[in-house]
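Trainee: Handing you a structure now.
This is the structure:
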């Protein structure tokens, strides 16, 4: 019996430092390993940003059959950080009634080259090309709606999707 009590005490003395080391936070052991210099890993991420922001809203557009085109001005903001050249494209989210066309033109931009008025459809049309190294660059655009004699009375909705992408 004395022998077993002695062994239990000896085992407890041997296991106590291991148990204490397992329960202590790792940070409390740092002073034991101090040095003249230390390495601190720093994870760095540098993303490129490329986006377009529409700053104005359009009113509902009404056009009469075979009337003069209807124009609305838009304010945009473009961002394309880095040195890779970007382009701004536009397309429609859905079809237009027969005889109705929408064109979009970027008229003023401090960077890049406007491609002039572009007819919008289901395929992307380049509106502004060759811009880079800009952040929140203001742009003025004009959306022009034109109808011909084949238009029929009705209403509908579509959207213009603007995209900034690599050239």
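In this note's numbering, the protein residues as written are 52 to 218. Backbone N, C-alpha and C define an ideal beta-carbon position, used for all residues, glycine too.
Whole angstroms are fine: how far does the CA of residue 132 sit from the CA of residue 99?
Mentor: Answer to the nearest angstrom: the Cα atoms are 6 Å apart.
Trainee: What's the gap between the Cα of residue 166 and the Cα of residue 101?
Mentor: The straight-line gap from Cα to Cα measures roughly 19 Å.
Trainee: Please classify residue 97 as buried or exposed, where buried requires at least 16 other C-beta atoms within 10 Å of its C-beta.
Mentor: Exposed is the call here.
Trainee: Taking a contact to mean a Cβ-Cβ separation below 8 Å, would you say residue 196 touches residue 116 in this structure?
Mentor: For residue 196 and residue 116, no; Cβs fall outside 8 Å.
Trainee: For residue 211, tell me which candidate among 108, 187, 91 has the shortest Cα-Cα distance.
Mentor: Nearest C-alpha to residue 211: 108.
Trainee: Does the beta-carbon distance from residue 148 to residue 202 come in below 8 Å?
Mentor: Yes, the Cβ-Cβ distance between residue 148 and residue 202 is below 8 Å.
Trainee: Just confirm the distance between the C-beta atoms of residue 218 and residue 181, as a whole number of angstroms; I'd bet it's less than 8 Å.
Mentor: At roughly 7 Å, the Cβ-Cβ gap stays under 8 Å, so residue 218 and residue 181 are in contact.
Trainee: Quick one, are the C-beta atoms of residue 155 and residue 178 less than 8 Å apart?
Mentor: In this structure, residue 178 lies closer than 8 Å to residue 155 by Cβ.
Trainee: Residues in its own chain within less than 7 Å of residue 192 by CB, not counting five upstream and five downstream?
Mentor: If we look at residue 192 and ignore the five residues flanking it on each side, its Cβ neighbours are 125, 127, 155, 156, 157, 158.
Trainee: By the 10 Å Cβ neighbour count, where 16 or more other Cβ atoms means buried, how is residue 140 classified, buried or exposed?
Mentor: Classification for residue 140: buried.
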